[in-house]
Structures are given as C-alpha cells and as structure tokens.
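The sequence shown begins at 167 in the working numbering and counts up one residue at a time.
Here a beta-carbon is modelled for each residue, glycine too, at the ideal position from N, C-alpha and C.
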Amino acid sequence: MLIMYAIKRIDDNSCQDIQTLYRLAFGAIYPITFIKSKYATDIFGLKNVGVIAKDEKDQPAAYYGVFPIILEYNSKDYMVAQSGDTMTAPDHRKKGLFTKLAKGSYKLSKDLGIRMVFGFPNKNSYPGFKNKLDWVFTGHMYNFTLNVITIPICELASKYKFLMPFYEKFAKKRLDKYKISIQDINRETFTYKGSGVIGEIKKDYNFFKYKLNRRNTFLIKLNGYTLFIKIKPHLYIGAVNVIDKSKTKALISTVKKLSRELGCKKVIFTLSENHWLYDCLKEYLEPTKSLPIGFYMIDNYFKPEAIQFISADYDTF
Numbered sequence: 167m168l169i170m171y172a173i174k175r176i177d178d179n180s181c182q183d184i185q186t187l188y189r190l191a192f193g194a195i196y197p198i199t200f201i202k203s204k205y206a207t208d209i210f211g212l213k214n215v216g217v218i219a220k221d222e223k224d225q226p227a228a229y230y231g232v233f234p235i236i237l238e239y240n241s242k243d244y245m246v247a248q249s250g251d252t253m254t255a256p257d258h259r260k261k262g263l264f265t266k267l268a269k270g271s272y273k274l275s276k277d278l279g280i281r282m283v284f285g286f287p288n289k290n291s292y293p294g295f296k297n298k299l300d301w302v303f304t305g306h307m308y309n310f311t312l313n314v315i316t317i318p319i320c321e322l323a324s325k326y327k328f329l330m331p332f333y334e335k336f337a338k339k340r341l342d343k344y345k346i347s348i349q350d351i352n353r354e355t356f357t358y359k360g361s362g363v364i365g366e367i368k369k370d371y372n373f374f375k376y377k378l379n380r381r382n383t384f385l386i387k388l389n390g391y392t393l394f395i396k397i398k399p400h401l402y403i404g405a406v407n408v409i410d411k412s413k414t415k416a417l418i419s420t421v422k423k424l425s426r427e428l429g430c431k432k433v434i435f436t437l438s439e440n441h442w443l444y445d446c447l448k449e450y451l452e453p454t455k456s457l458p459i460g461f462y463m464i465d466n467y468f469k470p471e472a473i474q475f476i477s478a479d480y481d482t483f
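Given below as structure tokens:
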C-alpha cells in the first residue's frame, strides 16, 4: 500500500513526535525535558534544523536532523552542524525516507547558512551515508580504555535503574569539591593550535552551558587538569585542557584515582587520530577503532582531515 507522507521542518512543538520516534525506532524512553534541552541549539544561533515525515494519520514516521554548533577553524568561527537522531519507525522502513529526509535537512542547512555537516555514523547507517548521501570519510574515532579495580557501583546503577538516583547523589557529593564554574573557563583552555590541525568544535562558555544541561555531566578541575566528564555507564573523559605531553602519565593516574572514587571500573577517552591527545595517550595505552568520521560538504572551504574531534563533540555526550 502506497503511503503519502507529509514532510516538514520541525518546530518547538515537535518534541512529542521526536519522543515517539525514539521509542518506536530504538525502544528508548526519554523525557520531554531531555529532548527540549538537547534541541535547544539556539545558544549557537540556530535551532530546529531537521525534517520530519508523518503518515496519513498524522503519526510520526521518520526524522532526520542536525544539531548546529560552532566550529573554530583557522581562528575564525563558522556555523556547522552534527548529524544526529536519524530515526525511522519500523512500519515505515525501506521506503526511502532516510535519504529523502537527509537531503531535505541538508538543503535546509544550506539555506540557513550552515557550512558543513559532520557525524559519526554506526555500522547500520554508514552505507547509506557513504553510498547515497555523498559523505566524505577521513578516518575513525579511537577509544583508549583504562580498567580500574574498584567496586563498580557506577556500572551497577546503569544496569539496575532503581539504583541510579542513589548513585547520582553519591557521585555529585564526590564531585562537588572538584566542580568549577563555566565562567572560570578561558576559551584557550581547550583550544589547540598545532601543525596539521586547524579546526575543532569550539569549547567555550556556550558549549559547556549547552552540554552541562544534561544529567551526569560535570566540569571539574583535579590536580591541575580541567576535565569535562560524563558518568554512565562508565567514566567518560569528554575533554581535557591542553597539556604538555610530559604530563600524560600524571593525567592517567589522576583519572584512574577519580574513577575509583566514583566507583567506575572503566575510564574511556574517545578521540580522532589527529587529536593532540591521541599521541600522548598512545605512549601508555592501546587504541581501539571506534566510529567513522564523516562529512557532508555544503561548501568546499574546509579541509575535513584538518579537523580534530573528541567525545564531548558527540551529540550524545
């Protein structure tokens, strides 16, 4: 049976439809408050950059959108966006909606002044991005994992949801003494200027204000290291202030100690191979390949291979 879909740009009233698609496509249940927070990208200058398809009963069938954010490139700021929340309800798959909505979102992005779309597709969506949407891929993200001997209360709370409220209170109390205000962040703290890399997602006040609206994310300072972290289901190091390579071993010791304090049996750094921290960590830890790094080039000004990424850049962080 041929279904006629109504396709339109999302607006501030689309959160309920997006919540429904999270449930139908992934089996995930997210509160409306979380969705509103994630989609509040107007702090970077744009919001609601996405296209939704509804069926003949006005029920959400599929969605493709991007999250606007600022890229600092050659010491100048540019509006770019991360591809995210690609969702199709099971009854509407294999009908070409992914490609149609993606192209609609890219056209919308161009019309709004977004210069480039980047993303980290999983193995299921990678073929579509590469073969149908003309994405350019430059490499992969890599995980550096530290195993820590501790009582794994973080992992237990992530597995048994009834424990999570207690764990969150425990973790917050442990981290209160290390927390710093985003007003204390100098934009240069996380800005790397080195050979080969001339672009990165800008880690400034707006970036952290947007990210810290989410549960279990913290901006802390410990032993002289400024860290942006997330706890669930492990300890994830989203960003680290730029340090000299000689301080890497002490950084590793610091995050291992923090992991023990928080009851996390794993510490995970995730970053691109061209990220300044990659060579530092590689001297002590073995990297494992993670998600591919891809770009949809709205214009050809940027050199994708000259842009570095770290896990705080993920829309899911």
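Would you mind stating whether residue i and residue j have Cβ atoms separated by less than 8 Å?
| i | j | result |
| --- | --- | --- |
| T392 | N407 | yes |
| L237 | I351 | no |
| P470 | N309 | no |
| L312 | K422 | yes |
| A247 | V215 | yes |
| A478 | G390 | no |
| T316 | R426 | yes |
| G270 | I173 | yes |
| F483 | M282 | no |
| G279 | M330 | no |
| L388 | Y326 | no |
| K455 | H306 | yes |
Starting from the Cα of residue i, find the closest Cα among the options and give me that residue.
| i | options | result |
| --- | --- | --- |
| V433 | K396, M307 and Y402 | Y402 |
| T265 | Y376, F483 and Y292 | Y292 |
| P399 | E334, M307, Y230 and Y188 | E334 |
| D243 | G365, A172, G262 and F461 | G365 |
| Y272 | K396, I464 and I218 | I464 |
| N240 | K359, I198 and L278 | K359 |
| F394 | K413, L424 and A416 | L424 |
| G211 | S275, V314, I418 and S456 | S275 |
| W442 | K415, L417 and I409 | I409 |
Which same chain residues, not among the five before or five after residue i, have their C-beta less than 6 Å away from its C-beta?
| i | result |
| --- | --- |
| H258 | A227 and A228 |
| L299 | A268 |
| M253 | L187, A191 and Y229 |
List the residues that DSSP assigns as beta-bridge partners of residue i.
| i | result |
| --- | --- |
| N313 | K432 |
| V421 | DSSP, once it has assigned bridges, lists no residue as partnering V421. |
| E238 | D243 and E366 |
| S249 | V232 |
| Q130 | Absent from the structure is residue 130, since the part of the chain shown begins at 167 and ends at 483. |
| G146 | What is shown of the chain runs 167 to 483, which leaves residue 146 out entirely. |
| F394 | L385 and A405 |
| D217 | It is Val, not Asp, that sits at residue 217 in the sequence shown. DSSP output for V217 lists R175 and Y230 as bridge partner(s). |
| L437 | Y308 and I476 |
| G360 | V363 |
Can you tell me the Cα-Cα spacing of residue i and residue j, whole angstroms?
| i | j | result |
| --- | --- | --- |
| I459 | T436 | 12 Å |
| S180 | P256 | 20 Å |
| Y411 | G362 | For the record, residue 411 in the displayed sequence is Lys; it is not Tyr. Spanning the two alpha carbons is a distance of roughly 17 Å. |
| N440 | F475 | 8 Å |
| D370 | E354 | 8 Å |
| Y288 | I348 | Sequence inspection shows Asn at residue 288; the Tyr mentioned does not correspond to that position. Near 32 Å, if we compare the C-alpha coordinates of I348 and N288. |
| V302 | K296 | 7 Å |
| D177 | C446 | 43 Å |
| E449 | L168 | 57 Å |
| S324 | I184 | 24 Å |
| F286 | F356 | 21 Å |
| F200 | R381 | 9 Å |
| G231 | I218 | 8 Å |
| F468 | V314 | 40 Å |
| F328 | L322 | 10 Å |
| F284 | Y205 | 17 Å |
With a CB to CB cut of under 8 Å and the five nearest residues on each side skipped, what residues in its chain are close to residue i?
| i | result |
| --- | --- |
| I209 | N372, K375 and Y376 |
| C320 | Y333, A337, I397, K398, P399, H400, L401, L428, G429, C430 and K431 |
| D224 | A172 |
| Y444 | Y308, L437, S438 and P453 |
Take residue i and list the residues in its own chain whose beta-carbon comes closer than 7 Å to its own, dropping the five residues that flank it on each side.
| i | result |
| --- | --- |
| T341 | Note that residue 341 corresponds to Leu in the displayed sequence, not to Thr. So the qualifying residues of the chain are F384 and I386. |
| F233 | T207, A247, Q248, G250 and D481 |
| A472 | G362, V363, I364 and G365 |
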